[in-house]
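Numbering (the numbering used here), first residue to last: 8 to 192.
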């Protein structure tokens, strides 16, 4: 009889410990589900907040459409200007004749873009940009349609930082290289 009582006590201890383990596993699973649902709720809330900001950015980008195309100012008859470019692998010195047609988002920018003042920061920075490029760099950028995008970023940075023209007053929306002629020196 004592053996039966000992067996019953051992079975009740093992079943009690297995019940505790099952309860602990359920508590851990519940906590994990709670944490996951809280993180999901936070991610959804952040997405909603960011969506509002993104729609504002999209609306502002839509406002920056091209109103007018303007040639960058030059004293040449065909509105092109000469730039000196960096020596490349062939060790030849080159210059390039370039004409840039610029799309602007506000007609008030036209006098700023089309002036013939070569001391202006706009022309000065464009000349500096080309002096750091080799002939092959320029050809590669032109073929990949990167040249216009790079020039657009440079011109917009000049308008903002050097000329203190606010973004609401207009920006360059596109740049087309309408003439690119290399000459060896």
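Where a beta carbon is used, it is the ideal one built from N, C-alpha and C, also for glycine.
Do residue 162 and residue 188 have their C-beta atoms closer together than 8 Å?
In the chain shown, counting from the first residue as 1, residue 162 sits at position 155. In the chain shown, counting from the first residue as 1, residue 188 sits at position 181. Contact flag unset, no.
Just the Cα atoms here: how many angstroms apart are residue 183 and residue 166?
Locating residue 183 in the chain shown gives position 176, where the first residue counts as 1. Locating residue 166 in the chain shown gives position 159, where the first residue counts as 1. If I take the Cα positions, the gap works out to 18 Å.
Give me whichever residues DSSP pairs with residue 103 in a beta bridge.
Numbered from 1 along the chain shown, position 96 holds the residue referred to as residue 103. Paired residue(s): 90, 189.
Roughly how many whole angstroms lie between the Cα atoms of residue 81 and residue 122?
Here residue 81 refers to the residue found at position 74 of the chain shown. Here residue 122 refers to the residue found at position 115 of the chain shown. Distance between the alpha carbons of residue 81 and residue 122 is about 7 Å.
For the beta strand (DSSP E) containing residue 78, list its first residue and its last residue.
Mapped onto the chain shown, residue 78 falls at position 71. 75 to 78 is the span of the beta strand (DSSP E), which, as asked, contains residue 78.
Give the DSSP bridge partners of residue 181, in chain order.
Mapped onto the chain shown, residue 181 falls at position 174. Per DSSP, 110.
Apart from the five residues just before and just after residue 156, which ones in its own chain have a Cβ nearer than 6 Å to its Cβ?
By one-based count along the chain shown, residue 156 stands at place 149. So the list is empty, once near-sequence residues are dropped.
DSSP three-state label for residue 81, please.
Against the chain shown, residue 81 aligns to sequence position 74. Coil.
If we call anything under 8 Å between Cβ atoms a contact, is residue 142 one with residue 91?
Start at 1 with the first residue of the chain shown, and residue 142 comes out as number 135. Start at 1 with the first residue of the chain shown, and residue 91 comes out as number 84. Taking 8 Å as the Cβ cut-off, residue 142 and residue 91 do not qualify as a contacting pair.
By how many angstroms is the C-alpha of residue 37 removed from the C-alpha of residue 23?
Taking the chain shown and counting its residues from 1, one reaches residue 23 at position 16. Taking the chain shown and counting its residues from 1, one reaches residue 37 at position 30. So the two alpha carbons sit approximately 21 Å from each other.
What does the Cβ neighbour count give for residue 192, buried or exposed, with the cut at 16 atoms within 10 Å?
Numbered from its first residue, the chain shown carries residue 192 at position 185. So residue 192 ends up on the exposed side.
Please name the residue, chosen from 181, 112, 32, 186, that lies closest to residue 175 on a Cα-to-Cα basis.
Numbered from its first residue, the chain shown carries residue 175 at position 168. Per the Cα distances, 112.
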